[in-house]
Amino acid sequence: MSASLYSVAHSLVAIVLTAIGSVLPSPLRQGITNAGLITALGVIVFAAILLIASMLNTIVLIWFERKLLGRFMDRRGAMHVGFAGLLQNFADGLKLMRKNTFRPDEADGLGFYLGPTAYMVTSLILFGILPVSTGWNSGVLPLSLLLALVVFSFAPLFIFISAWSSNNKYSLMGGMRSAAQMIAYEVPLLLSVVAVVVVSGSFDLNTIVAQQQNYWYWGPLFLALLVFVAAMLAEMERIPFDLPEAEAELVEGWNTEYGGMLFAFFMLSDYVRALVGSFLVVLLFLGGWTMPSWVPSAATSFPLAGIVWFMVKVYVVFAVFVWIRASLPRVRTDQLLRVGWNRMIPLALLSVVLAAGVVMVKCLPIFGCLPNLGI
Amino acid sequence: MSAAPETKGVRGELPGAGEAAVPFVEIEALRSREFIPAAKEALTSLIAEQGQSKLIRPVFNWAGRNSLFPLHWGLACCAIEFAAAFGARWDAERFGVVPRSSPRQCDLMIVNGTVTWKVAHKLITLYEQMPEPKWVIAMGNCATGGGPFRTAYSVVPGVDKLVPVDVYIAGCPPRPEAMLEGILRLEDLIRLRKE
Amino acid sequence: MSEMWINMGPQHPMTHGLWNLRVQIDGELILDVDPEMGYLHRGIEKISEDRHYNEVVTLMDRTCYVAGMAWEHLYILGAEQALHLQPPERAEYIRTMSEEFQRIASHIMWYAAFVQDLGLMSPFLYGMRDRDLLLDLFQSYTGARMTYEYMRVGGVRNDLPHGFTDRARKVLDWLIERFQEYDQLCMGSDIFRRRCDGLGVLSARDCIDYGVTGPMLRSAGVARDLRKDRPYSAYDRVDFDVARATTADVTGRYLVRMEEMRQSVRILRQVLDWLDHHPGPVMAENLPRWLGAPYAPIGREGYLLKREYPKGVGFAAIEEPHGEAAVYVVNQGGEHPYRVKFRSPVYVNLSAARKYLVGYHVADIPPIMGSVDVCVGESDR
Amino acid sequence: MTALPAPPVPWPELLGEALVALEPMEGTSGRIRFRSADAERVFRAVHDAGFHHLTMIGGIDWVDHREVIYTLWSDAGKTYLFLSTDLPADHPTVATATRVWPSANWHEREAWEMVDIQFEGHPDLRHLLMPDGYEFHPLLRSFKLHEPEDLEVKVRHV
Numbered sequence: 001m002s003a004s005l006y007s008v009a010h011s012l013v014a015i016v017l018t019a020i021g022s023v024l025p026s027p028l029r030q031g032i033t034n035a036g037l038i039t040a041l042g043v044i045v046f047a048a049i050l051l052i053a054s055m056l057n058t059i060v061l062i063w064f065e066r067k068l069l070g071r072f073m074d075r076r077g078a079m080h081v082g083f084a085g086l087l088q089n090f091a092d093g094l095k096l097m098r099k100n101t102f103r104p105d106e107a108d109g110l111g112f113y114l115g116p117t118a119y120m121v122t123s124l125i126l127f128g129i130l131p132v133s134t135g136w137n138s139g140v141l142p143l144s145l146l147l148a149l150v151v152f153s154f155a156p157l158f159i160f161i162s163a164w165s166s167n168n169k170y171s172l173m174g175g176m177r178s179a180a181q182m183i184a185y186e187v188p189l190l191l192s193v194v195a196v197v198v199v200s201g202s203f204d205l206n207t208i209v210a211q212q213q214n215y216w217y218w219g220p221l222f223l224a225l226l227v228f229v230a231a232m233l234a235e236m237e238r239i240p241f242d243l244p245e246a247e248a249e250l251v252e253g254w255n256t257e258y259g260g261m262l263f264a265f266f267m268l269s270d271y272v273r274a275l276v277g278s279f280l281v282v283l284l285f286l287g288g289w290t291m292p293s294w295v296p297s298a299a300t301s302f303p304l305a306g307i308v309w310f311m312v313k314v315y316v317v318f319a320v321f322v323w324i325r326a327s328l329p330r331v332r333t334d335q336l337l338r339v340g341w342n343r344m345i346p347l348a349l350l351s352v353v354l355a356a357g358v359v360m361v362k363c364l365p366i367f368g369c370l371p372n373l374g375i
Numbered sequence: 001m002s003a004a005p006e007t008k009g010v011r012g013e014l015p016g017a018g019e020a021a022v023p024f025v026e027i028e029a030l031r032s033r034e035f036i037p038a039a040k041e042a043l044t045s046l047i048a049e050q051g052q053s054k055l056i057r058p059v060f061n062w063a064g065r066n067s068l069f070p071l072h073w074g075l076a077c078c079a080i081e082f083a084a085a086f087g088a089r090w091d092a093e094r095f096g097v098v099p100r101s102s103p104r105q106c107d108l109m110i111v112n113g114t115v116t117w118k119v120a121h122k123l124i125t126l127y128e129q130m131p132e133p134k135w136v137i138a139m140g141n142c143a144t145g146g147g148p149f150r151t152a153y154s155v156v157p158g159v160d161k162l163v164p165v166d167v168y169i170a171g172c173p174p175r176p177e178a179m180l181e182g183i184l185r186l187e188d189l190i191r192l193r194k195e
Numbered sequence: 001m002s003e004m005w006i007n008m009g010p011q012h013p014m015t016h017g018l019w020n021l022r023v024q025i026d027g028e029l030i031l032d033v034d035p036e037m038g039y040l041h042r043g044i045e046k047i048s049e050d051r052h053y054n055e056v057v058t059l060m061d062r063t064c065y066v067a068g069m070a071w072e073h074l075y076i077l078g079a080e081q082a083l084h085l086q087p088p089e090r091a092e093y094i095r096t097m098s099e100e101f102q103r104i105a106s107h108i109m110w111y112a113a114f115v116q117d118l119g120l121m122s123p124f125l126y127g128m129r130d131r132d133l134l135l136d137l138f139q140s141y142t143g144a145r146m147t148y149e150y151m152r153v154g155g156v157r158n159d160l161p162h163g164f165t166d167r168a169r170k171v172l173d174w175l176i177e178r179f180q181e182y183d184q185l186c187m188g189s190d191i192f193r194r195r196c197d198g199l200g201v202l203s204a205r206d207c208i209d210y211g212v213t214g215p216m217l218r219s220a221g222v223a224r225d226l227r228k229d230r231p232y233s234a235y236d237r238v239d240f241d242v243a244r245a246t247t248a249d250v251t252g253r254y255l256v257r258m259e260e261m262r263q264s265v266r267i268l269r270q271v272l273d274w275l276d277h278h279p280g281p282v283m284a285e286n287l288p289r290w291l292g293a294p295y296a297p298i299g300r301e302g303y304l305l306k307r308e309y310p311k312g313v314g315f316a317a318i319e320e321p322h323g324e325a326a327v328y329v330v331n332q333g334g335e336h337p338y339r340v341k342f343r344s345p346v347y348v349n350l351s352a353a354r355k356y357l358v359g360y361h362v363a364d365i366p367p368i369m370g371s372v373d374v375c376v377g378e379s380d381r
Numbered sequence: 001m002t003a004l005p006a007p008p009v010p011w012p013e014l015l016g017e018a019l020v021a022l023e024p025m026e027g028t029s030g031r032i033r034f035r036s037a038d039a040e041r042v043f044r045a046v047h048d049a050g051f052h053h054l055t056m057i058g059g060i061d062w063v064d065h066r067e068v069i070y071t072l073w074s075d076a077g078k079t080y081l082f083l084s085t086d087l088p089a090d091h092p093t094v095a096t097a098t099r100v101w102p103s104a105n106w107h108e109r110e111a112w113e114m115v116d117i118q119f120e121g122h123p124d125l126r127h128l129l130m131p132d133g134y135e136f137h138p139l140l141r142s143f144k145l146h147e148p149e150d151l152e153v154k155v156r157h158v
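Protein chains in written order, with my numbering: chain V, 1 to 375; chain H, 1 to 195; chain F, 1 to 381; chain L, 1 to 158.
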């Protein structure tokens, strides 16, 4: 797993530029094979590869949810476009691209376009921060976990901007609910992450994953995991916490006035956030890409093995989210907020205390005997 | 007709109470039947210009016809069969048909039931809120031509009096299979359309 | 946010049909509501004056599209009284059976829509799946899934097909198990209980004052059920209990409807047993051709022969799935009814909306209105 | 249909002069025809006699006069009762029943809309089923239905 995506991109650019440079006269050749230029282009190519891979992943995730949800509901879901409906979401995306994008007369121009775009951008940044395997992120960020959570919590701001500038009562109500909900659940989310940080002693996701080689954190930090998953459901605005989009009373919530590509931005970003949420659960509690010891070393040394293993876990976690969506009704705003402030925060604090206790009595290795597939 | 020519808006006129025709419903600031297809044509030609490439156009056409989002609303009896078509037995989502509640996110308006004069202008508003390109399916006899209520004083005899209709589905109500068939016929229409 | 009016409808996921609930809100709190009806007013009462007695049945299926059989039954009872006719006993049993099947189908449709409003998506699909089985039964003896045109003045159009009762019993066995599943999904969920308990309370006193009937009234503890209180067709010959709850809230209505479905299954088992052992005619004898012929021609030419029939007034009331439905038929001789006046339970239940909505939150509107079980075709007529 | 025995309510004593006629009707407690001028008092007396539930209010246009029919249900007697009063066609006015049965509100709005019967003292007599500004009363006998061929729908854009 030594080959990192960045080094691949870098060497790709280097090879191409050297090839071009070899046919050019010497001053140009030196200019084009400049190390700085290669690095810059390498970063861009790397970002493009990462973006495309992430988007494909997201679209497959949407397909996965639709099919799984269909099965939960005793039906089949999309199946006529492409094999088993795999191309359905591409069709949806292309169609939305072609749709007439417009702004209602009374909507505020700047906010109406800024909201979805910024929402999309902040969601996509997360892919650059979160490592999916060693070497598959942009480098070693010592505070990558903190940065990811900060970027993750930008969302209510942009949702509220777009909801407000839509100039629609349903959008406004959805936006207000969304802001209230996300702020309420930001606190337990961060506190449950603090528990992880206390145990691992690091904000670096690579370190956190590396420390889970022998025991996954879901054992010692079970309470934190529960709080984190519940808060993450609220952050992702999925049932049972999908109040901002509560279809029954708010039509489509804060994206009621959005159609065409802007709507596609919202939908895609929602799923990006769902994917990122699943990433975080796997990274923080389920051992990330650490391979089980029973896997033969030949398979382990395969460059993409870590990613595959990581994605399997991510999709299992996401399947649980879909399962929850298929079987729970929606809660009410006041109940949601009450649970958020009155129950989740004390529980999250308790989980921090428990984590501190676990560290103090140095009993972490005990949890190595829990079934975590990583031994 | 006693309607004053300078009156703004659209009106359906109905004979009443044994007298001459008297204005019945006023719908303000609406487009005529002629205007809506014209706007549609202009837009589709605009899209055609943008997608001149022979490579791109079929791709967008394929995307458009395979992902028709109908407006989620129920007018009358056919709405129940409309709902049944999304149920487990027929599962319209197989064809990528997912109902959306907001007209902004829809491509397809399925008029599933009797249209009354009272709801007429709301129907047109919803139609105009849908972004181009958009299609209309008149589902059932009522939407097609008034059905068993065509003689009633409050019923629009056919939704094509209000918005341009692409596909008519017969039946009272049509079975869910018929609705799916209508959607597939619409897909054929889109495939054959020359942009 | 200051006070504002929002329109929930006519195109809104909550309405389940075409009507508009105007809501005045302060933040999320409901200050006032004003239901706006008539978007589906199709003039059925007026058209009925222009139709022959049997032709009105066509309109009845479309009056309430989730409970067509019940409305056919209602109208036919009224018309038979106005025309002084008596159906044979087997026809009465078949009508009872049809109405009970329709009650289950309607309640399942209600369940599907209601839980979807709460954000619970899977039961909608389960409900539609199980309802299709009932519609298959209807289709096997009427030929249609929703609009049956099955009952006739003086009886029913045709007898049940061979093997119908066995198939029906199988469906009932399946449904009884599914009802348990429904209950587990709803009453077994803490979130569901939190969403529904103590919502939309309408006391028995208010129910009676505002004319509210059906499961809403029975959930307030009043055991008024016209099938028991004023038995029609074969209801005096079957054994069943009136479902009742005491909480008068959304949960109560849910429980009443679930129990009603179970009671309907109980009634149906008895009726199916009776039908197995009592073959006989399903049309009254000695009817004039224009009334009695099972496949009477629909065109106007078929009725050129003007018949004088003894004048009369017919009144019938049945316990429709949504509540008390009544009809008043005036027969002035001749082939058209002179005036037909319907009482729609949903119409009256909606008129009391202010009573059970004000003071709750916007998020409570879908469960409350879902528990009312709105069918707009019936309320606007 | 099983006819239930009518509860022995002494209507002539209760209603006095307001009672015009007491007609039997199959399966119900019969029909009370009363003078429209005494409507308020009749409603109150009938309500106090146990008929707490108002089923419906319907208007009938008999061309020369109009009739309003109130259908009532008694939970104690488990029986229906009809009240009916004749109104002149040129001035069809009767007192509202909303003060006795609050549920009469929408029924009266509909009766006014369809059969043009004025209810004096009704709190909110406006259009319910038809759009605002609709001038006709469709359930009058003089209002004829037309096949849509006769109907000319003009939809034009300005």
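Ideal placement from N, C-alpha and C gives every residue a C-beta, glycine not left out.
All values reported here derive from a predicted model rather than from experimental measurement.
- Decide if V:M360 is buried, meaning its Cβ has at least 16 other Cβ atoms within 10 Å, or exposed. For the purposes of this step, residue 360 of chain V is identified with residue 360 of the first sequence, where counting begins at 1. Per the 10 Å Cβ criterion, exposed.
- Item | Three-state secondary structure assigned by DSSP to F:T147 | One-based indexing of the third sequence puts residue 147 of chain F at position 147. F:T147 falls in the coil class under three-state DSSP.
- In DSSP terms, what L:F82 is bridged to: Residue numbering aside, residue 82 of chain L sits at position 82 when the fourth sequence is read from its first letter. Bridge partners of L:F82: L:R31 and L:T71.
- Item | Three-way DSSP call (helix, strand, coil) for V:M376 in this model | In the structure as shown, chain V begins at 1 and stops at 375. Residue 376 of chain V is therefore absent and cannot be evaluated.
- Cβ pair count under 8 Å reaching 3, the region 26-42 of chain V against the region 6-15 of chain V: Contact holds: three or more Cβ-Cβ distances are below 8 Å.
- Task: Could you check what DSSP says for L:H65 in three-state terms: helix, strand or coil?
- Result: Within the fourth sequence, the letter at position 65 stands for residue 65 of chain L. DSSP places L:H65 in strand when its eight states are reduced to three.
- Query: Does the region 29-40 of chain F come close enough to the region 342-356 of chain F that 3 or more CB-CB pairs lie under 8 Å?
  - Reply: In short, these stretches touch, since the Cβ pair count reaches three.
- chain H partners of V:T256, CB-CB under 9 Å? Reading the first sequence from its first residue, position 256 is the one you call residue 256 of chain V. Going along chain H in sequence order, the residues near V:T256 (Cβ under 9 Å) are S101, S102, R104 and Q105.
- Item | Whole-angstrom distance between V:I129 and V:F318, CA atom to CA atom | Indexing the first sequence from 1 puts residue 318 of chain V at position 318. Indexing the first sequence from 1 puts residue 129 of chain V at position 129. If you take the alpha carbons of V:F318 and V:I129, they lie about 20 Å apart.
- Query: Given a threshold of 16 other Cβ atoms within 10 Å of its Cβ, counted over all protein chains shown, does H:D91 qualify as buried or as exposed?
  - Reply: As a working mapping, residue 91 of chain H is identified with position 91 in the second sequence. Looking at its Cβ environment, which holds 16 or more other Cβ atoms inside 10 Å, H:D91 is buried.
- Any chance you could list the alpha helix (DSSP H) runs of at least 4 consecutive residues sitting entirely within the region 78-126 of chain L, in chain order? Here the runs fully enclosed are 104-115.
- Would you kindly work out how many angstroms separate the C-alpha atoms of H:P99 and L:A45, rounded to a whole number? Position 99 of the second sequence, counting from 1, holds the residue named residue 99 of chain H. Position 45 of the fourth sequence, counting from 1, holds the residue named residue 45 of chain L. In this structure, the straight-line span from the alpha carbon of H:P99 to that of L:A45 is close to 54 Å.
- Chain-order list of residues whose beta-carbon lies under 7 Å from that of L:L140 (same chain, five-residue window excluded): As a first step, residue 140 of chain L must be located in the fourth sequence, where it is residue number 140. D61, V115 and D116, listed in sequence order.
- Under 8 Å between C-beta atoms, does L:M130 make it to chain H? One-based indexing of the fourth sequence puts residue 130 of chain L at position 130. Yes - at least one Cβ of chain H is within 8 Å of the one on L:M130.
- Query: Nearest chain L C-beta to H:A152 closer than 8 Å, yes or no?
  - Reply: The residue you call residue 152 of chain H lines up with position 152 of the second sequence. Chain L contact via Cβ: present.
- Using 8 Å as the limit for Cβ to Cβ distance, is H:W73 near chain L? Taking the second sequence and counting its residues from 1, one reaches residue 73 of chain H at position 73. Not a single CB atom of chain L sits nearer than 8 Å to the CB of H:W73.
- Query: Should F:E181 go down as buried or exposed, given a rule of 16 or more other Cβ atoms within 10 Å for buried?
  - Reply: Residue mapping note: residue 181 of chain F aligns to position 181 of the third sequence, counting from 1. Classification of F:E181: exposed, given that the 10 Å Cβ count is below 16.
- Message: Taking a contact to mean a Cβ-Cβ separation below 8 Å, would you say H:C77 touches F:R42 in this structure?
- Response: Here residue 77 of chain H corresponds to residue number 77 of the second sequence, with the count starting at 1. Here residue 42 of chain F corresponds to residue number 42 of the third sequence, with the count starting at 1. No, the pair does not count as a contact, with Cβ atoms beyond the cut-off.
- Query: Do V:L61 and V:Y271 have their C-beta atoms within less than 8 Å of each other?
  - Reply: Position 61 of the first sequence, counting from 1, holds the residue named residue 61 of chain V. Position 271 of the first sequence, counting from 1, holds the residue named residue 271 of chain V. Yes.
- Message: Please confirm whether L:P10 has its beta-carbon closer than 8 Å to some beta-carbon of chain H.
- Response: Against the fourth sequence, residue 10 of chain L aligns to sequence position 10. False, the Cβ-Cβ gap to chain H never drops below 8 Å.
- Taking Cβ-Cβ distances shorter than 7 Å, what residues in chain V pair up with H:G64? As a first step, residue 64 of chain H is located in the second sequence; it is residue number 64 there, counting from the start. Among the residues of chain V, those whose CB is under 7 Å from the CB of H:G64 are K95 and R98, following chain order.
- Checking contacts by CB at 8 Å: is F:L83 closer than that to chain H? Here residue 83 of chain F refers to the residue found at position 83 of the third sequence. Not an interface residue.
- Message: Give me the DSSP bridge partner(s) of F:H361.
- Response: In the third sequence, residue 361 of chain F corresponds to position 361, counting from 1. In DSSP, F:H361 forms a bridge with F:L29.
- Message: My parser needs the alpha helix (DSSP H) runs of 4 or more residues fully inside the region 312-367 of chain F; what are they?
- Response: Listed in chain order, the alpha helix (DSSP H) elements of length 4 or more contained wholly in the region 312-367 of chain F are 345-351 and 353-357.
- Query: How many Å lie between F:A293 and F:E89 at the Cα?
  - Reply: Taking the third sequence and counting its residues from 1, the one referred to as residue 293 of chain F is at position 293. Taking the third sequence and counting its residues from 1, the one referred to as residue 89 of chain F is at position 89. With a pLDDT of 48 at F:A293, under the threshold of 50, the predicted position of this residue should be treated as unreliable, though the coordinate-derived value follows. Spanning the two alpha carbons is a distance of roughly 18 Å.
- Quick one: is H:K122 near chain L, going by C-beta distance under 8 Å? Reading the second sequence from its first residue, position 122 is the one you call residue 122 of chain H. Answer no: the Cβ-Cβ gap between H:K122 and chain L never drops below 8 Å.
- Item | Local conformation of H:T125 per DSSP, three classes | For the purposes of this step, residue 125 of chain H is taken as the residue at position 125 of the second sequence. Shown here, H:T125 sits in a helix according to DSSP, grouped into three states.
- Any contact of the region 20-31 of chain F with the region 171-189 of chain H, i.e. 3+ C-beta pairs under 8 Å? No, because fewer than three Cβ pairs between the region 20-31 of chain F and the region 171-189 of chain H fall closer than 8 Å, the two stretches do not touch.
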